[in-house]
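Residue numbers (my numbering), protein chains in the order written: chain A, 820 to 972; chain B, 1307 to 1806; chain C, 261 to 610. Here the structure comes first, spelled out in structure tokens, and everything after it is commentary.
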Amino acid sequence: MKKANGNTVIGLIFLIAAGIIMYIANTTLKATAPAGDPGSRLFPNLACGAIMLLAVIIIIQSFKKPSKAFAGILADGDRRQSCIRTLLILTDLALFLVLWNFIPFLAAGFIFMFLQCMIFREKLLFSVFYSAGVTGVLYVMFAIFLKVRLNIY
Amino acid sequence: MSYLTAIQSVFTPGCLLCVLLGVLVGMVVGTLPGLTSVMAISLITPLTFKLDSTYGFAMLLGVYNSAIFSGGISAIAINTPGTPASIATTFDGYKISRRGKTGFALGINTLYSVFGGLFSTIVLMIACAPLARLALNFGSPEYFWLALFGLCMMISISHASLAKGLIVGILGMLLSTVGLDPLLGSKRFIGNNTALLDGIAFIPVMIGLFGVGEMLFQIFEHKKEDDAPRDIAELKERERVLPTKAEHRRMAVPGIIGSIIGVIVGIIPGTGGDISALISWDVSKRVSRHPEEFGDGSVEGLATTCASNNASIGGALTTALALGIPGDGNTAVLLGALTMYGMVTGPTLLNNSADFVCRLYIIMIVANLLILPVGLLSAKACIKLLSIKNQYIQMAVLMICSIGAYSMNRNFMDVIIMFIAGIAGFFFRKYDYPLGPLILGLLLGKMCETNLRRTLMLSGSSVKMLFSTPISILLIILCLFATLWPFISDWISKKKTAES
Amino acid sequence: MKKRLAKIISLTCAASLTLALTACSSSSPETPSASAEQETEAPAEQGAETPASDASFPEDTVNIICHAKEGGGSDALARQVAQVLQDQQGWSVTVENKTGGSGSVGMQFVQNSKPDGYTIGTAPVELSMIEALGYAELNPEDVSLLGCGMSWPAALYVPADAPYDTLEDFVNYCKENPGKVQVANSGIGSIWHIGACVLADKADIEITHVPYDGATGAMTALLGKEIDAAVVGTCEGFSYVESGDLKCLASFSEERSSVLPDSPTAAEQGYDANVICWVGFLAPQGVDEASLTILQDALKATFENEDYIAFCEGRGCDSTYFSPEEFYEMAAADYTYYSQLISDLGIVAE
């Protein structure tokens, strides 16, 4: 499949997901309301049907105009670094969201910001101050000024 | 209508101070994504009970106007709307900001938000009661066509590829069906999960798509040249906050269009600044001489959205004051505050509390005027704040987004939704899928479906009711126009080039 | 570079682990000492007449979880009660909104929270209905009820120029046109929907129920004449009766409502329909006796406070106080009645 590219994959994902959702809709939702007018099933079915049709169009279009979204990232050193950096930041964010559930917000937030600074290769002292600063300011704004409780556990 | 006495009671130091305080608090809350204007007003309301009703409402209206205006600040600065009313502001505002003209964009936000607010206050003063009565003509069929008209905008925002725009938009509509069926009460797609009983919360999706997604995209696309020092001419341009006369001339018409649409949509109960800004962006694009700039940093696009969402405040107050029907969550809290002060809300308010209503109008004007200096000064401050290295902003934004998504309802599911939306937003950006339609679908999907099904329920499954009133017919014509115009204008321009 | 990065990562991991351990261990010793304090204070509490100045409970902020969104009646109630508690008792109180599923999300959150007395929530009449509706496994027996101080009855509204002037006329009209009369309510499974069902049940008529988005949605539709009648509360509609836009044919309570003195009750017109929407407060089960008593007493004092009574009067609600026992009786009675009604009508979320 030489011409299959990113857009094709996305089109396929839409197609399959819409199909699954349509199946779930038709098995779990009511077709008509007691009074006879359309029930819960109508809209999801229409939407899934439309998505499947459009997904096919996108797949066809992707063969005509192959996209080069992620082409050549691993070759170019600069782009490869950005790619790895994005993945690391995303992992860091996920880690923060997990940690937030178990330790106080100030600690989780500080670790999150600090790791981000490390991923961006900032100097150690600056990282500590910046992380503490941003976490502290946001804590004051949200938890103290606006009285939103930020500790989840 | 005793305006003179109203002016006398509002222009006292205490009252003006209250308005200023409200404006400042509203600014903080409105700028932070995830904190809505409703939250801001709810927070301030208990404080106002200790005060006289005029002072209390001075604060409340200050918060209301300022929160809607300042939602645009974060929309422009970090592509994350501070409140849903500023979604459309991101379309052009952020692009202008990326070109280094953040202060300029913030200046436009300030000036045109105030313009929209003042315009709608004048409309409110002149025609409050009759306009509110007109709003009662909006029944289920009319709401359906209005929602459909809003959804037709998907076509206009899908600049790259129509199929991509539509698929994302319909995905948004599909996502809006998750939760409880509004007419039958049955669960849709949620199983036994109680966290999703209220549906997929809109604000975390917005924060994830626009904020997190954009930040991830920027980190991914970062090039070494972006970090190079800027030259003197560019630096001077960055400092500019006010538009030139020529730019004002370009922005005048979109500003007025935005204000008018803002007032009209505000009057209709259940629709607010978010929908009015989107519709006015679309309409301004169609009548503009430079439609190709819209979505790519057009000052006209920015001006119209800023005016529109603030203009919706005056519109929402129309139905709230004249009929006791809240136009949106903000006015619902304000009506509650009115009740606390012993006033009976409903059709009798305008007659029984005429003096107080007069004072409300004057307070609205004062609040908008106070936003001018506060907004312009904060624009200057923002320029300084945002001139730090990109990566510092990116790091902080990710944290702000996470906290914002959580603080909305203190429901961790919202943060998870934000995370997933962030990843989706990144891939959508990468593969040129526009984000606007998804937000439109999520916003309007429920209104569209509920009103269509309710109309069918009321008319016994006959579609005649959908076409029976003049407003419905008008909206249908607008829908057809919105859908077909791009194709017609393409065809006309092709004919012209063929002839020449 | 890589070595430095590895060192820093391992340091932060170690730091976060130690923080996590200290956080976990610090939270547990707190509760034994707090409850020991409360036990010694409790005997003194019961004898004292003014509990305001005692420092045992609460030591921290009390959080009221409101099941409805900001701007609504329940939210206003929660904030008003928070304000009075702050002024009268000197407590620190915050209000949070957790909406969804007719109150299921908020009430379940309170039910599952730590029973230390610091998390309480609003308990709407839907507490007696959500189990039957299928939204959540929660009924009045699963929580500790703290007391109720706000209630108001349902009422039937029609446009001012409608052909019927009394409930009798309306019922006759419905009997002549079965299934054709459309009655708006504030949402499927809501108390006003149930109220309309109760009316239909007691008057033996067939009406079509059309759900709208909240009481304001139903009122707007009625004012716009899209619908024949609407059943919402007395609070939500009385201003339109005053202004002459609507007529109230009946209020579903034992006595005439204070804001609708000219509208007879359904009982007066021969139909025994009694539908009251109440909003009280609940706490999770397992809160120790002393804290529970303090909460209940504080709420009682709040409901008897003049600011609070003025608040209720302004909204047109009844501020009669229901003690925890009376509240439980009312909730249980409603639970039995509504469960039967809902299963008979088949309004169950699948």
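Glycine included, C-beta positions come from ideal geometry on N, C-alpha and C.
Taking a contact to require three or more Cβ pairs closer than 8 Å, the segment 1350–1358 of chain B and the segment 1394–1407 of chain B do not qualify as touching. What Thr359 (chain C) touches in chain B, judged by beta-carbon distance under 8 Å, is Asp1504 and Asn1715, going in chain order.
Within chain B, not a single residue places a beta-carbon under 7 Å from that of Lys883 (chain A); the smallest gap is close to 11 Å.
Lys507 (chain C): member of the beta strand (DSSP E) spanning Leu506 to Ser511, first to last residue. With respect to Val470 (chain C), Met1460 (chain B) sits apart: the two C-beta atoms are not nearer than 8 Å. Chain order gives the chain B residues near Val470 (chain C) as Arg1760, Met1763 and Leu1764, where near means a beta carbon separation below 7 Å. Not a single CB atom of chain A sits nearer than 8 Å to the CB of Thr596 (chain C). The continuous beta strand (DSSP E) containing Gly540 (chain C) extends over residues Ile536 to Pro544. Contacts with chain A at 8 Å (Cβ-Cβ) include Thr354 (chain C).
Listed by position along chain C, the residues whose Cβ is nearer than 7 Å to that of Val1344 (chain B) are Glu330 and Gly331. Nearest to Pro1436 (chain B) by C-alpha distance, out of B:Asn1715, B:Lys1770 and B:Thr1625, is B:Thr1625. The DSSP-derived three-state label of Lys1493 (chain B) is strand. Residues of the segment 1311–1339 of chain B with a C-beta less than 8 Å from any C-beta of chain A: Val1334, Val1335 and Leu1338, listed in chain order.
One thing to note: Gly1413 (chain B) has its Cβ no nearer than 8 Å to the Cβ of Glu1545 (chain B).
In the DSSP secondary-structure assignment, Gln442 (chain C) is bridged to C:Thr468.
Judged by DSSP secondary structure, Ala1373 (chain B) falls within the alpha helix (DSSP H) whose first and last residues are Ser1359 to Ile1384. Pairing His327 (chain C) with Gly363 (chain C) gives a Cβ-Cβ distance under 8 Å. Within a 10 Å sphere around the beta-carbon of Gln1314 (chain B) sit fewer than 16 other beta-carbons, which makes this residue exposed.
Residue range Ser1446 to Ile1463 is occupied by the alpha helix (DSSP H) that includes Met1460 (chain B). Only buried fits Val1605 (chain B), as 16 or more other CB atoms lie within 10 angstroms of its CB.
DSSP links Asn357 (chain C) through a beta bridge to C:Cys326. In the DSSP assignment, Gly1578 (chain B) falls outside any alpha helix (DSSP H) and carries neither an H nor an E. Judged by their CB atoms, Met1705 (chain B) and Leu925 (chain A) are not nearer to each other than the 8 Å cut-off. Secondary structure at Leu1522 (chain B): helix, using DSSP grouped into helix, strand and coil. Taking 8 Å as the CB threshold, Arg1544 (chain B) stays off the interface with chain A. The beta-carbon of Thr1789 (chain B) is placed no less than 8 Å from the nearest beta-carbon of chain A.
For Ser513 (chain C), the number of other beta carbons within 10 angstroms of its own is at least 16, and it is reported as buried. Taking a beta-carbon distance threshold of 8 Å, Met932 (chain A) counts as an interface residue toward chain B. For Asn565 (chain C), same chain residues with a beta-carbon under 7 Å away, outside a window of 5 residues either side, are Val344 and Gln348 in chain order. Straight-line spacing of the CA atoms in Val1369 (chain B) and Ile1669 (chain B) works out to 12 Å. Under the three-state reduction of DSSP, Gly1485 (chain B) is assigned to strand. Counting C-beta pairs closer than 8 Å gives fewer than three between the segment 964–972 of chain A and the segment 1593–1610 of chain B, which falls short of the contact rule.
Identification of chain B residues near Met937 (chain A) by a Cβ-Cβ cut-off of 9 Å yields none; the smallest Cβ-Cβ distance measures about 11 Å. The Cβ atoms of Leu1748 (chain B) and Phe1516 (chain B) lie no closer than 8 Å to each other. Judged by DSSP secondary structure, Val1672 (chain B) falls within the alpha helix (DSSP H) whose first and last residues are Ala1660 to Leu1692. Proximity of chain C to Phe1444 (chain B) at the Cβ level (cut-off 9 Å) is accounted for by Thr480 and Gly484, in chain order.
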